[in-house]
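Novice: Before I ask anything, here is the structure I am working with.
Numbering (my numbering), first residue to last: 22 to 111.
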């Protein structure tokens, strides 16, 4: 059996400056636990099921780049890529 997880809520105690350490810890634990894949949402704002639109939500590909630097074996990807909502500079 393969297990996957999603990093969909980035509202941890400690404010935005705590997001990096929390993600690093989660990815390390996922590695150790044998999680196969980790997914990030590509939305402009937080979706209601996870919290209010004002909650922090990392840009999917920036988050996945960070994840790549903190895993030994977990594969990762974007749940949905919203290319029409991205800016040409991205």
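No residue lacks a Cβ here, since even glycine has one placed at the ideal position from N, Cα and C. A quick note: this is a predicted structure, and the numbers were derived from the prediction, not measured.
State whether the segment 57–73 contacts the segment 34–41, with contact taken as three or more CB pairs (one from each stretch) at a distance under 8 Å.
Specialist: No, the segment 57–73 does not touch the segment 34–41.
Novice: Report back the beta-carbon spacing between residue 95 and residue 59 to the nearest angstrom; my notes put them in contact at under 8 Å.
Specialist: Residue 95 to residue 59, Cβ: 5 Å. Contact.
Novice: Should residue 52 and residue 93 be called a contact, given that it needs their Cβ atoms to be closer than 8 Å?
Specialist: Taking 8 Å as the Cβ cut-off, residue 52 and residue 93 qualify as a contacting pair.
Novice: Quick one: using the 10 Å Cβ neighbour count with 16 as the cut-off for buried, is residue 81 buried or exposed?
Specialist: The residue is buried, with at least 16 neighbouring Cβ atoms inside 10 Å.
Novice: Can you list, in chain order, the residues of its chain with a C-beta nearer than 6 Å to that of residue 102? Leave out the 5 residues immediately preceding and following it.
Specialist: Correct list, in chain order: 63.
Novice: Suppose contacts are defined by Cβ-Cβ distances below 8 Å. Is residue 85 in contact with residue 99 by that definition?
Specialist: Yes, they are a contact pair.
Novice: Using DSSP with H/G/I as helix, E/B as strand and the rest coil, what is residue 24?
Specialist: Correct three-state label for residue 24: coil.
Novice: DSSP three-state label for residue 46, please.
Specialist: Reduced to three states, the DSSP call for residue 46 is helix.
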